[in-house]
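A.B. asks: Note that the numbering used here gives residue 1428 to position 109 of the sequence shown, counting from 1, and the numbers run on in steps of one.
For each residue, glycine too, the CB sits at the ideal point set by N, CA and C.
Only a predicted model underlies this, so the values are computations on that prediction, with no experimental measurement involved.
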Amino acid sequence: MAERAKALLVDDRKDNLLALEAILQGLPVTAVAVESGEAALKQLLTDDFAVILLDAQMPNMDGFETAGHIKRRERTRHVPILFLTAADRDAQLALRGYAVGAVDYLTKPFDPWVLRAKVSIFVDLWNKTQLLKSQAEASREREAQWQRLTDTVDEAARALRGGGDEAAAEALALLEKARWGS
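As structure tokens, then:
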């Protein structure tokens, strides 16, 4: 069974986390809520996420610093980050969010249907990426199987070349024909 997409919700206020979880209910995504940037970074060490919803203004490590750490890690640098913040007066905050790698910056109050639509898109992209990874792995396995078959046919042909009788010659011809897919 394929792994279900996850969304990392990061906000220092529990009521905001509960609201985000409610907004995402019914989507094909598991919400994982944490209350700090430090907790988010720890969660990202063990889990893969389709999207991160990150509060910009938090005590200790704010969302911008958290995003900077996320984007510097090889494992997490491609996870899309949506900043959510109540600070809508300062356009510089939005620019700062984009500068650290955010794909979007939403100010509160935001339309929950817009947030659901954005999360749905990233979940869909994550699911398609997982499918492509699975297909690539299956293709590598088929290639390995083909290589093993080819090696076996080559080995059989070498063994038959030493036999010398008419049956061995016919078997050799058949094996070589099979080898080249004719």
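1. Would the segment 1386-1402 count as touching the segment 1332-1342 if we require 3 or more Cβ pairs under 8 Å?
2. Going straight from the alpha carbon of L1346 to that of D1367, what length do you get?
3. On the three-state DSSP scale, how would you describe R1390?
4. Give the DSSP bridge partners of A1427, in chain order.
5. Buried or exposed: W1465, going by 16 or more other Cβ atoms within 10 Å of its Cβ?
6. The alpha helix (DSSP H) with T1365 in it runs from where to where?
7. How long is the line joining the alpha carbons of W1432 and S1453, rounded to whole angstroms?
8. How many angstroms separate the CA atom of L1372 from the CA atom of V1472?
C.D. replies: In short:
1. Flag = no, the segment 1386-1402 and the segment 1332-1342 do not touch.
2. Inter-residue distance for L1346 and D1367 is about 17 Å (C-alpha atoms, whole angstroms).
3. The sequence shown places Lys at residue 1390, rather than the Arg named in the question. K1390: helix per DSSP, three-state reduction.
4. Residue 1427 is actually Lys in this sequence, not Ala. K1427 is not bridged to any residue.
5. Exposed, because fewer than 16 other Cβ atoms sit within 10 Å of the Cβ of W1465.
6. In the DSSP assignment, T1365 falls within the alpha helix (DSSP H) that extends over 1356-1365.
7. Distance between the alpha carbons of W1432 and S1453 is about 31 Å.
8. If you take the alpha carbons of L1372 and V1472, they lie about 55 Å apart.
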